[in-house]
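Participant:
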Amino acid sequence: MKLINRKMVGFTAVAAVCLLPALAQSQVRGQCADCHTMHNSQNGEVMAVGGPHGMLLTGDCIGCHTNTTDGSGRGGSSDNIPFVHHTSAPDLGAGGMLAGGSFYWVLTDDSKGHNVLGIAGADGNFVDPLLPPGGIALGAQLTCAGTNGCHGDRTVEGDYAALSGAHHAAPKLANAASGYMDGDGMANSYRFLLGVKGIESPDWEALQDPSTRNVYYGIDRSADTQNDAATISSLCGQCHGDYHANAAGQISASGTMSSPWVRHPTDFDMVGIGGEYADYEYSMEAPVASSNIDNTYTRPNPEDIMNTPGDAIVTCISCHRAHGSAHDDLLRWDYSSMQAHDAGAALGTGCFRCHTTKDS
């Protein structure tokens with residue numbers, strides 16, 4: 192266990208303040224005092240637990256996005272604050288854990304989540320804890336945003352500076368209704384991942400309803416080194432480059448994104464491949480991306496996902512959660528239960544969502 196010495200009571204106090212404003216397409220609405228403090232003082236007591244914080248905030252990213260009361264994925268007056276960390280085991284059913292999972296499990300097992308500064312210490316499984324698998328060393332421990340993080344502007348150091356203004360900016364009006372984010376600037380980027388495209392589920396997939404699911408952006412590559420910085424897999428590849436597009440021969444033996452594979456492909460469309468993949472139906476457990484998204488895109492029914500080229504693109508998060516999960520390597524399912532041609536209770540789940548002929 193690599194838990195940072197941080198008082199959990201602090202999470203409670205900060206979260207209580209941060210849960211008050213409502214969000215409309217990631218734009219915060221509500222009293223300024225719900226999130227900001229001018230002097231970090233009220234009735235002789237400090238306002239910001241662990242503060243003072245940048246941008247005059249009463250809490251940090253972790254404080255505002257941590258659930259201290261139950262296992263649900265959302266909180267606030269309108270259920271509009273996404274929880275990505277929990278102080279008790281998350282509810283895995285509808286209304287519970289969100290698409291990105293939870294950092295909860297990394298508190299006791301480094302293999303089950305990203306070791307974000309402020310939640311857990313550096314990953315003790317690695318000889319160099321700053322060296323992401325398949326990548327190059329970070330300058331410091333992983334953070335929520337900035338040069339050593341995922342969200343915000345990755346050219347700017349620090350969570351607050353990297354996300355400055357993002358919670359106040361309104362997405363383009365033409366895009367707001369559908370949830371489509373075209374990656375043009377912070378407010379128009381999928382989940383504040385600067386430059387990444389996608390269609391955002393209005394409830395962060397809390398209800399696990401395919402009709403309102405996230406739609407990730409992907410491309411159908413013809414070469415290992417082909418890359419589109421707007422895909423969700425390309426973002427993962429900024430730290431885990433060998434697993435995405437660092438060099439020819441890293442994904443496929445020929446370098447042409449075709450079998451035989453040396454690593455599992457990403458940004459690869461299953462439509463038209465045929466064989467076992469033709470029987471894939473969209474699954475919240477093993478989601479795919481699309482290259483066809485725009486402001487008019489309509490989510491296909493799960494059984495129709497293989498009808499249109501570009502709508503069944505394998506991504507990093509087809510198999511992994513972004514924040515953490517109950518399984519090793521942040522996987523969406525227990526890999527050890529995947530038994531080829533003897534799946535048992537795992538029949539039709541996990542790997543077998545795509546590899547439909549290998550479970551029985």
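Sequential numbering of the sequence shown, starting at 192, is according to this note's numbering. Where a beta carbon is used, it is the ideal one built from N, C-alpha and C, also for glycine.
Please name the residue or residues paired with residue 257 in a DSSP beta bridge.
Facilitator: Within the sequence shown, numbered from 1, the residue matching residue 257 stands at position 66. Paired residue(s): 276.
Participant: Would you kindly work out how many angstroms separate the C-alpha atoms of residue 391 and residue 385, rounded to a whole number?
Facilitator: If you number the sequence shown from 1, residue 391 lands on position 200. If you number the sequence shown from 1, residue 385 lands on position 194. The alpha-carbon atoms of residue 391 and residue 385 are separated by roughly 14 angstroms.
Participant: When DSSP labels each residue in this structure, what does residue 531 get in the three-state scheme?
Facilitator: Here the question's residue 531 lines up with position 340 in the sequence shown. Correct three-state label for residue 531: coil.
Participant: Cβ atoms of residue 378 and residue 353: under 8 angstroms apart, would you say?
Facilitator: Position 162 of the sequence shown, counted from the first residue, corresponds to residue 353. Position 187 of the sequence shown, counted from the first residue, corresponds to residue 378. Not a contact, by the Cβ cut-off of 8 angstroms.
Participant: By Cβ distance below 7 angstroms, which residues in the same chain neighbour residue 525 in space, the five residues on each side in sequence not counted?
Facilitator: In the sequence shown, residue 525 corresponds to position 334, counting from 1. Closer than 7 angstroms at the Cβ level, and outside the excluded window around residue 525, lie 518.
Participant: With DSSP run on the structure shown, which of helix, strand or coil describes residue 537?
Facilitator: Locating residue 537 in the sequence shown gives position 346, counting from the first residue. Note: residue 537 maps to helix in three-state DSSP.
Participant: Checking 8 angstroms against the spacing of the C-beta atoms, do residue 462 and residue 409 come in under that value?
Facilitator: Along the sequence shown, one-based indexing puts residue 462 at 271. Along the sequence shown, one-based indexing puts residue 409 at 218. No, the pair does not count as a contact, with Cβ atoms beyond the cut-off.
Participant: Assuming residue 246 and residue 351 make a contact with CB atoms under 8 angstroms, what is their CB distance in whole Å?
Facilitator: As a working mapping, residue 246 is identified with position 55 in the sequence shown. As a working mapping, residue 351 is identified with position 160 in the sequence shown. That pair is a contact at about 5 angstroms.
Participant: Is residue 438 closer than 8 angstroms to residue 422 when the C-beta atoms are compared?
Facilitator: On the sequence shown, residue 422 is found 231 positions in, with the first residue counted as 1. On the sequence shown, residue 438 is found 247 positions in, with the first residue counted as 1. Not in contact: residue 422 and residue 438 (Cβ atoms no closer than 8 angstroms).
Participant: How many whole angstroms separate the CB atoms of residue 480 and residue 504, which I take to be in contact at a CB cut-off of 8 angstroms?
Facilitator: Here the question's residue 480 lines up with position 289 in the sequence shown. Here the question's residue 504 lines up with position 313 in the sequence shown. 4 angstroms between Cβ atoms; contact.
Participant: Just checking my contact of residue 523 with residue 477 at CB under 8 angstroms: how many whole Å lie between their CB atoms?
Facilitator: The residue labelled residue 523 in the question sits at position 332 within the sequence shown. The residue labelled residue 477 in the question sits at position 286 within the sequence shown. Rounded, the Cβ-Cβ distance is 7 angstroms, consistent with contact.
Participant: On the DSSP bridge assignment, give the partners of residue 522 in chain order.
Facilitator: On the sequence shown, residue 522 is found 331 positions in, with the first residue counted as 1. Partner(s): 511.
Participant: In whole angstroms, give me the CA-to-CA distance for residue 398 and residue 473.
Facilitator: In the sequence shown, residue 398 corresponds to position 207, counting from 1. In the sequence shown, residue 473 corresponds to position 282, counting from 1. Answer to the nearest angstrom: the Cα atoms are 16 angstroms apart.
Participant: Where does residue 468 sit, in a helix, a strand or coil, going by DSSP?
Facilitator: As a position in the sequence shown, residue 468 is number 277, starting the count at 1. Here residue 468 sits in helix by DSSP.
Participant: Please classify residue 499: is it buried, with 16 or more other beta-carbons within 10 angstroms of its beta-carbon, or exposed?
Facilitator: Here the question's residue 499 lines up with position 308 in the sequence shown. The residue is exposed, with fewer than 16 neighbouring Cβ atoms inside 10 Å.
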